[in-house]
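Colleague: Basically the working numbering = 1-based index in the sequence shown + 1204. Glycine included, C-beta positions come from ideal geometry on N, C-alpha and C. First the structure, which I've put down as structure tokens, then a few questions once you've had a look.
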Amino acid sequence: MIVAGFGWRSGATPMSCEAALALARHGCPRITALAAPDDKVGLLAPLAERLGLALLPVTAAALTGVATATRSRASFEARGTGSVAEAAALAAIGEGARLIASRHVSPDRMATCAIAQGPST
């Protein structure tokens, strides 16, 4: 399983997320799912549908405390993790997940995307 995890600021658009995904996925294997915090996952629904990918909501509890490669003070204060995108990708996969692309920021600076791979792929 290869999961693209997302985080974003309020005011982000689906285009912000798509731009972050384009930056993060460069050189990565084919993505099989998208993941985001469960209270914000609706913004990704059109992108997941268009790409034909599963959309995986991640609970706040699953995000909290996930060790991430990058650290944002805003992410830590809001969600208890250094990168919402990295934590969402890792938490959606679960045990044995590893980052294959740390967070990438969309050109409009509104969304981030990171990619994780599970142990069975």
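Given this structure, state the Cα-to-Cα distance separating residue 1247 from residue 1221, to the nearest angstrom.
Modeller: Taking the first residue of the sequence shown as 1, we reach residue 1247 at position 43. Taking the first residue of the sequence shown as 1, we reach residue 1221 at position 17. Rounded to whole angstroms, residue 1247 to residue 1221 spans 9 Å at the Cα level.
Colleague: Is residue 1306 helix, strand or coil when you go by DSSP?
Modeller: Here residue 1306 refers to the residue found at position 102 of the sequence shown. Note: residue 1306 maps to strand in three-state DSSP.
Colleague: Count the other CB atoms, across all protein chains shown, that sit within 10 Å of the CB of residue 1230; report buried if there are 16 or more and exposed otherwise.
Modeller: For this step, residue 1230 is matched to residue 26 along the sequence shown. So residue 1230 counts as exposed.
Colleague: Within 8 Å, do at least three Cβ pairs link the segment 1249-1258 to the segment 1268-1278?
Modeller: With a cut-off of 8 Å, the segment 1249-1258 and the segment 1268-1278 do not count as touching, because too few Cβ pairs lie within range.
Colleague: For residue 1241, count the other beta carbons within 10 Å of its own beta carbon; 16 or more makes it buried, fewer makes it exposed. Which is it?
Modeller: In the sequence shown, the residue the question calls residue 1241 occupies position 37. The residue is buried, with at least 16 neighbouring Cβ atoms inside 10 Å.
Colleague: Excluding the 5 residues preceding and the 5 following residue 1311 in the sequence, name in chain order all residues of the same chain whose CB lies nearer than 7 Å to its CB.
Modeller: Position 107 of the sequence shown, counted from the start, is the residue given in the question as residue 1311. Same-chain partners within the cutoff: 1223.
Colleague: Excluding the 5 residues preceding and the 5 following residue 1298 in the sequence, name in chain order all residues of the same chain whose CB lies nearer than 8 Å to its CB.
Modeller: Walking along the sequence shown from the start, residue 1298 turns up at place 94. For residue 1298, where only same-chain residues beyond five positions count, the Cβ hits under 8 Å are 1322.
Colleague: Just to confirm before moving on: does the CB-CB distance between residue 1320 and residue 1245 stay below 8 Å?
Modeller: The sequence position of residue 1320 within the sequence shown is 116, counting from 1. The sequence position of residue 1245 within the sequence shown is 41, counting from 1. Cβ atoms of residue 1320 and residue 1245: not closer than 8 Å.
Colleague: Express the C-alpha separation of residue 1262 and residue 1205 in angstroms, rounding to a whole number.
Modeller: Reading the sequence shown from its first residue, position 1 is the one you call residue 1205. Reading the sequence shown from its first residue, position 58 is the one you call residue 1262. Roughly 16 Å separates the two Cα atoms.
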